[in-house]
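Enquirer:
In the UniProt record's numbering, the protein residues as written are 1 to 605.
1. Whose C-alpha, out of 492, 447, 485 and 454, is nearest the C-alpha of residue 468?
2. In three-state DSSP terms, what is residue 465?
3. Could you give the C-beta distance for residue 135 and residue 106, rounded to a whole number, given that I count them as a contact under 8 angstroms?
4. Taking the CB atoms as reference points, tell me whether residue 230 and residue 267 lie closer together than 8 angstroms.
5. What number of angstroms, rounded off, separates the C-alpha of residue 430 from the C-alpha of residue 499?
6. Just curious, the alpha helix (DSSP H) that residue 383 is in, first and last residue?
7. Quick one: what's residue 217 bridged to in DSSP?
8. If we count the other Cβ atoms within 10 Å of its Cβ and call it buried at 16 or more, is residue 54 buried or exposed?
9. Would you list, in sequence order, the uninterrupted alpha helix (DSSP H) runs of no fewer than 4 residues that lie entirely inside the segment 45 to 80?
10. What is the rounded straight-line gap between the Cα of residue 152 and the Cα of residue 78?
11. Quick one: Cα of residue 362 to Cα of residue 455, how far?
12. Quick one: grab the DSSP three-state call for residue 377.
13. Exposed or buried, residue 589, counting other C-beta atoms within 10 Å across all chains shown (16 or more means buried)?
14. Put residue 88 into one of helix, strand or coil per three-state DSSP.
15. One question on the structure: do residue 355 and residue 393 come within less than 8 angstroms of each other, judged by their Cβ atoms?
16. Tell me the DSSP secondary structure of residue 192 in three-state form.
17. Would you report the Cα separation of residue 220 and residue 578, rounded to the nearest angstrom?
18. Using C-beta distances below 7 angstroms, list every residue in its chain close to residue 97, excluding the 5 sequence neighbours before and after it, in chain order.
19. How far does the beta strand (DSSP E) with residue 571 in it reach, from first residue to last?
20. Within 10 angstroms of the Cβ of residue 654, are there 16 or more other Cβ atoms? Answer buried if so, exposed if not.
21. Put residue 186 into one of helix, strand or coil per three-state DSSP.
22. Closest by CA to residue 409, which one among 347, 531, 425 and 507?
23. Among 236, 285 and 187, whose alpha-carbon lies nearest the alpha-carbon of residue 271?
24. Cβ atoms of residue 177 and residue 163: under 8 angstroms apart, would you say?
25. Starting from residue 336, follow the alpha helix (DSSP H) in both directions and report where the run begins and ends.
26. Can you tell which of 71, 403, 348 and 247 has the C-alpha that lies nearest to the C-alpha of residue 284?
27. Quick check on the DSSP output: the alpha helix (DSSP H) that includes residue 290 runs from which residue to which?
28. For residue 128, which of 158, 286 and 143 has the nearest alpha-carbon?
29. Identify the continuous alpha helix (DSSP H) that holds residue 449 and give its terminal residues.
30. Rounding to the nearest angstrom, what Cα-Cα distance links residue 91 and residue 246 in this structure?
31. Could you give the residue range of the alpha helix (DSSP H) that holds residue 250?
32. Could you check the C-alpha separation between residue 359 and residue 366 for me, to the nearest Å?
33. Out of 557, 320, 202 and 407, point me to the one whose CA is closest to residue 280's CA.
34. Within 10 angstroms of its Cβ, does residue 200 collect 16 or more other Cβ (buried), or is it exposed?
35. Quick one: Cα of residue 596 to Cα of residue 338, how far?
36. Where does residue 501 fall in DSSP's three states?
What follows is the structure, given as structure tokens:
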């Protein structure tokens, strides 16, 4: 095929020597004179010669505005051996062709061996901004286009996916994701692709759902017998231990309604289930260590506080266990803080973990110094204070850890919802509580329970729960403290009505209504908590601190093997497969429905 046929342009032959119109091949190309260009090439002019600015004729083709002439000259230059990867001042022939949307020239250049420029902003970034789907398809279909190239950042850390999402070019974004684009890639502002999708694209949950649907396909095994292939690459594009980054970024970027829509997609639900099955052993190890810590600490404190004798060896063993386990848990907490500095202190569980382990170490080290043969009063009050607080926090933390189990996740959510509602109601009506506290402090100033503001507040709060002690407070014998006869009973009656009846029933009603709402959103909320915890756990076990050169190689291999799941997974609808893999029928039915709807859509189109 000659250059005229490649470009699709008919050229009329003249007898004139067209070379005389221009001094050099560069001038002929710059002016778009295809006939002069051909004459220069026929006379053996060097097709890769550079001008004073360092441009080859192929680079100067960018000056041509007419697309047909541009394509014809590019074809002629390529046919005569032009360097398709010539580079000058950051520009290449392919970059110029992509910039000016010359699809035919892009195709010719790629076939001739041209490739993306090596500098930061390459042709994929241009296409992400401009939305040229046909040109993008040409590059993505090239065998040289790998996920590493697709996810290459520009000088601001943005990948082509960032730019496509910012420009709301859904088709380009979909094509890039399909070829291995990373939704968790972050730019210099720490914005991930998922963040920008949920910020810039209309109905992002629908867009994400469609992408996830495309990763489910049906394969026929026998007549009337099918299997369903699941591709998790969109959720785990990187071949490393960090496979929860994409879901974590989506959870951060999405609103509550969008989370419900995305998280309940069967592909994500199945992915979380398989991921939990892989790394649950690390969680069981963690919870076992915490159980040993809390139990040993409780026994040690009871034995030391109550001065149990003749078991000094057992006490020493318990002390060593408490110090050893508390140190390990403290190191784990510090490691989490290092890995997630921004969000670590936003989680109350992390605060509790850090405070509890520090207090426990303090108790284990200092309590023994005050446990001699003297009376119990020798133990300073500050030691007793931190001891009582640390042991309570240890068992609360253990309860929160147990609530992380998927089978108990719903109950943990209910507990959290009720607790939040109680706190909100109390904060809303705290003025009422303070008012009654001050009033009772005046009315019952002769009673020890109301002798100071703190005692009065505690007593009033207890009375809200129904412990009124009416007979003791309003006793009429001579030994009883004096009260104000008229107003005290009236204020007490108002207190019973407003707090014990109205306020307490309000808290119960709000809690019940919130639990009903939790029933509606419970599965998505449970999956959200599970995803957050899996991401947190995966960060720890895949951190460079645990995979350093000092860590034995066998442990590294075990960690990688137990934490990594493959991107390809096959689902069968038979009962035996469900029993072996413990996958709920609801998920398999959803996968089947999506795969069949895709198959039907393709057949109709």
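Note that CB positions come from ideal geometry on N, CA and C, so glycine has one too. In this text the structure is predicted, and so the values were computed from the model without any measurement.
Expert: The answer reads as follows:
1. 492
2. coil
3. 5 angstroms
4. yes
5. 11 angstroms
6. 381 to 402
7. 229
8. exposed
9. 57 to 60 and 67 to 79
10. 28 angstroms
11. 29 angstroms
12. Any reading at residue 377 is ruled out, since the residue's pLDDT is 46, under 50, leaving its predicted position unreliable.
13. exposed
14. strand
15. yes
16. strand
17. 18 angstroms
18. 105, 106 and 109
19. 568 to 572
20. The displayed coordinates of the chain run from 1 to 605. Any statement about residue 654 would go beyond what the structure contains.
21. strand
22. 531
23. 236
24. no
25. 312 to 339
26. 403
27. 266 to 305
28. 158
29. From DSSP, residue 449 is part of no alpha helix (DSSP H); its letter is neither H nor E.
30. 34 angstroms
31. 245 to 253
32. 10 angstroms
33. 407
34. exposed
35. 46 angstroms
36. helix
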